Structures are given as C-alpha cells and as structure tokens.
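Colleague: Take the sequence shown: its letter number 55 is residue 57 in the numbering used here, and every next letter is one higher.
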Amino acid sequence: MGKQTQSFQDMLDYVHLYRLKNKLLRETAENDRRIRDNRKRALLLNNLNQYITDSMTVADIRAIIANMHDDYESRVDDITIRNAELSKERRIIRQKMAIHAGKKQSKEDGKS
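The structure is reproduced here in structure tokens:
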C-alpha cells in the first residue's frame, strides 16, 4: 500500500509542477506583452518630443515627457528582470519534472 501511496504522491507532485510550469509560461508571455507595450509608449513619447518645440512655450511639457519616458523604460527593465526570474524558476521545475519522470521510468523498469 505504501508504494501505491508514494506513486500517487509522485503523480500529484508531477501534475503540480506541470501546472506551475504552464502558469509561469503564461506569466512570461504576459510580461513579454507588457515589455512590447511599454517600448511602444517610449517610442511614442520620443516621437511626440520631436514635434514639440520651444516656440510653443511648453518647456515644462518636455520635462514631463522625459519623466514619463524614464518611467516606461524603468518598467521595461523591471519586467525584463521578472522574466529572467520566471525563466530560472521554469528551468528548476523542468529539472524536478525530469527527476520525477526518471523515478517513474526506473520503477517501471524494475517491475519488468
């Protein structure tokens, strides 16, 4: 009975890891979308800044745009760092899943 319980627990662990890996993949895709969106915003602000001239008497607008641009770039950096963390976590999960799969295979080989 103990072997069946352990086998069932191994299966539950594997399913948990598989679902966690997929969740991390979805989150990574969402972060990629956020990076793309924020890069587009930064480009938009760069283009907007080219059209604003000092003759418009809006020097303060330039400072605001520069600040907004920096904020968007900072967001891209933060999301890129988070993506790296997610990739590392996914790699660890894949390794654990491979270990679980190896245990299952060796148990099946032992039964033959």
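Note that the Cβ used here is the ideal one computed from N, Cα and C, for glycine as well.
What you are looking at is a predicted structure, and each value in this text was computed from that prediction instead of being measured.
1. Would you report the Cα separation of L88 and R21, rounded to the nearest angstrom?
2. Pick from R92, S108, R96: whose alpha carbon is nearest that of L26?
3. In terms of residue numbering, what span does the alpha helix (DSSP H) encompassing S9 cover?
4. Sorted by chain position, which residues of the same chain lie with C-beta nearer than 8 Å to A44's C-beta, five sequence neighbours on each side aside?
5. Quick one: grab the DSSP three-state call for V78.
6. Under 8 Å Cβ to Cβ from D80, same chain only, skipping five residues before and after it: list those, please.
7. Should H102 and D12 be called a contact, given that it needs their Cβ atoms to be closer than 7 Å?
Modeller: To lay it out plainly:
1. 14 Å
2. R92
3. 4-53
4. H71, Y74, E75, V78
5. Note: V78 maps to helix in three-state DSSP.
6. none
7. yes
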